[in-house]
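Q: First, the structure itself, so that you have it in front of you.
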Amino acid sequence: MWHRILRRKPFLAFPQASGTAWRSAARAKRRPAFEPLEGRELMTASLAAIPDVAAPAGEGYQLTLDGSASGATDQTFTATSDNPNISVSVADGQFWTIDVLHLSAGGSDPTIINEPMTFQFFPEVAPNTVQRITNFSNNGYYVDTGRYFPRIFAGFVAQGGSDSPTSTSSSSGVTPIGTEVTPSVDFSSYGQLAMANTGSANSSDAQFFITYGPQSSLNQKYTIFGQQVSGYDTLEKLSQVSVTTNSSGENSVPVNPVTITSSTISDTNPNGALLIDTTKAAPGSKATITVTATDPADGTTTSQKFTVYVAGDTQAVRQIGDVLIATPIALGKFFGGTNTIEVKQVAAPTIPASQQVQVFVNGVLDTTQPSPDSLSQIIVQGSKANDNITVDNSVTVPTTADGGQGGKNRVTAGGGYSISHGWFGKTTLVAGDGQNKLIGRAGRVRFRANANTDYAYAGEARGRASNGQTLKPTGTYYRYINGHLVPVLKIRSSS
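Written as structure tokens, this is what we have:
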């Protein structure tokens, strides 16, 4: 039986870093009043900050709740949403831990000595699959027989549970089961635990796979039955394992075997998994999610809040080649109204870690979210009066930003090389952390420069000559010196 996951199109992949474990310092002196606690280290509930999530419309998203800093053996979690159309639930399954062994073949091939990966099951999503994997773990199948990872495709998946170190063609001897899918659980993140199948009905056997990033081509075709909650460093090491080609020409067979040395089921863990359901949410909607962790040993609690954005088509953002362009549609005869455009660079849900550029237009996250490595430039153009354009300092891609068509505009540059313009209405040009140039119309522009400002230029158009030719504008160049803009006679650009 040929168990594999067909890869539809390439995807560069990547991870969250695990929280750093800590324990309370031992007390320097003993005091009689605290004698009952002498045998127990002082601990408290813990939950790492949760980054904002860009969830696809009509699908779902799963993420890890990192409570490892508590030092506790167990924590419980609750979650709420302020938007009924974006619901959340905490996984209530057991925890599956597998230890992995791999000996380096030399060079950059890593050595992995019995390093663990832990997953929380989703019995509420895939009860039959969870029961099957639990049985295989308890009867020793994943240590004695299906102990190999025969396929590791960096940026896609790591596939395990085969009785062969080099082939996904294997069978447990137990009758396969059908796929268990639900629209609210899809391949939108990394560390997702799913069942391999042959592509036909009732063909999920014993092989499983772990994702390295969103894989939309797999949606509703393979059972997702868990989420990784710890051991991401091990999963990343697996992505670095030296591989060679298989019989179909795919470069994914480990040169040296990757084996499972331990497979255990547990009821407790300080971490957890959160399921986000956006199947009822309209594109452009959002929700504030509150997650609370509780240490059942002492009853202490702690909470974190984050925002879920459901991306939509703003009709303002597009990528042409390696240039990202954000230009909202101008509505109304006199370009009335206001646009707020925000450009950010954030962590992508992939292993190893990567970034993606996000554009919010009037509060709506656009679906176009490219990798900054795929871009040579970002162009942002205001199209109304009183437009507010902000390129966050997290953005490293070179950016050109132009204010709106009148009124009072504000243009804030980012962390990459930037050129900011303000010709219409009254415009404030704010320098970012990156090297920048500020250019605007004399008498109507205000500069907020900084030490990274190459120059500021206040220009004035001179119209046309009698022969119709456009006359060169005049104006004044300024340098930022000792915290002030000082006019200069001549500018020699540093770039």
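Residue numbers (the numbering used here): 158 to 652. Note that CB positions come from ideal geometry on N, CA and C, so glycine has one too. In this text, all values refer to a predicted model and were calculated from it rather than measured experimentally.
Roughly how many whole angstroms lie between the Cα atoms of T131 and R601?
A: The displayed coordinates of the chain run from 158 to 652. Any statement about residue 131 would go beyond what the structure contains.
Q: Can the beta-carbon of G579 be found less than 8 Å from the beta-carbon of N566?
A: yes
Q: Please state the DSSP three-state secondary structure of P485.
A: coil
Q: Express the C-alpha separation of D590 and T421 in angstroms, rounding to a whole number.
A: 49 Å
Q: Just to check my reading of the structure: G150 and A542 have Cβ atoms closer than 8 Å, yes? What is that Cβ distance to the nearest angstrom?
A: Nothing about residue 150 can be read from this structure; the chain reaches only from 158 to 652.
Q: In three-state terms, what does DSSP make of D452?
A: coil
Q: Cβ atoms of A570 and V554: under 8 Å apart, would you say?
A: Contact: no.
Q: I think A202 touches T401, with their Cβ atoms under 8 Å apart; what is that distance to the nearest whole Å?
A: So it is not a contact: roughly 47 Å between Cβ atoms.
Q: P273 lies in the alpha helix (DSSP H); which residues open and close that run?
A: From DSSP, P273 is part of no alpha helix (DSSP H) but of the beta strand (DSSP E) over 269–278.
Q: According to DSSP, is R619 part of a helix, a strand, or is it coil?
A: coil
Q: Under DSSP, the alpha helix (DSSP H) around F306 begins and ends at which residues?
A: First-last for F306: undefined, no H or E at that position.
Q: Where do the N-terminal and C-terminal ends of the beta strand (DSSP E) with I498 fall, by residue?
A: 497–504
Q: Just verifying my parser: in three-state terms, what is the DSSP assignment at P644?
A: strand
Q: Three or more C-beta pairs under 8 Å: does that hold for the region 229–238 against the region 378–388?
A: no
Q: Are the CB atoms of D301 and S328 within a distance shorter than 8 Å?
A: no
Q: Considering only residues of the region 528–570, which uninterrupted beta strand (DSSP E) runs meet the minimum length of 3 residues and lie entirely inside it, listed in chain order?
A: 534–538, 545–548, 556–559, 565–569
Q: Using the Cα positions of N296 and Q384, report the straight-line distance between them to the nearest angstrom.
A: 22 Å
Q: I'd like to know whether the C-beta atoms of A214 and G469 end up nearer to each other than 8 Å.
A: Inclusion of A214 and G469 in the CB contact set at 8 Å is warranted, their separation being smaller than that value.
Q: Helix, strand or coil for R184? Go by DSSP, reduced to three states.
A: The predicted position of R184 is uncertain, since its pLDDT is 33 and thus under 50; a value taken from the coordinates is nonetheless stated next. Note: R184 maps to coil in three-state DSSP.
Q: Is the region 506–522 in contact with the region 315–323, if contact means three or more CB pairs nearer than 8 Å?
A: no
Q: Between which residues of its own chain and I243 is the CB-CB distance below 6 Å, once the five residues before and five after are set aside?
A: T435, A438, A444, V465
Q: Go to L220, then tell me how far its beta strand (DSSP E) extends in each direction, as first and last residue.
A: From DSSP, the beta strand (DSSP E) with L220 extends over 217–222.
Q: Taking only three categories from DSSP, how would you classify K462?
A: K462 falls in the strand class under three-state DSSP.
Q: I'd like to check one pair, G224 with G456: are the Cβ atoms closer than 8 Å?
A: no
Q: Within the same chain, show all residues whose beta-carbon is closer than 6 Å to that of T237, passing over the 5 residues directly before and after it, in chain order.
A: The residues T447, in chain order, have a CB closer than 6 Å to that of T237 in the same chain once the five nearest residues on each side in sequence are set aside.
Q: Could you check how far apart the C-beta atoms of A153 and T627 are, in whole angstroms? I think they sit under 8 Å.
A: The displayed coordinates of the chain run from 158 to 652. Any statement about residue 153 would go beyond what the structure contains.
Q: Buried or exposed: R598, going by 16 or more other Cβ atoms within 10 Å of its Cβ?
A: By the 10 Å Cβ count, R598 comes out buried.
Q: Taking the Cβ atom as the reference point for each residue, do F344 and M352 lie within a distance shorter than 8 Å?
A: Their beta carbons are not under 8 Å apart, which means F344 does not touch M352 by this criterion.
Q: Check whether the Cβ atoms of I508 and Y389 sit closer than 8 Å, and answer yes or no.
A: yes
Q: Leaving out five residues before and five after K394 in sequence, what residues of the same chain have Cβ atoms less than 6 Å from its Cβ?
A: P267, I269
Q: Out of T254, R304, F293, which has the shortest C-alpha to C-alpha gap to T325?
A: Comparing C-alpha distances from T325 to each of T254, R304, F293 shows the shortest one belongs to R304.
Q: Straight-line CA distance for A283 to P340?
A: 13 Å
Q: Expressed to the nearest angstrom, what Euclidean distance is found between the alpha-carbon atoms of L595 and Y637?
A: If I take the Cα positions, the gap works out to 11 Å.
Q: Using three-state DSSP, classify I243 as helix, strand or coil.
A: Here I243 sits in coil by DSSP.
Q: Given G563, which residues of its chain have a CB within under 6 Å of its CB, disregarding the five upstream and five downstream residues?
A: A542, F581, G582
Q: Roughly how many whole angstroms lie between the Cα atoms of A606 and A613?
A: Cα to Cα, the separation comes out at about 8 Å.
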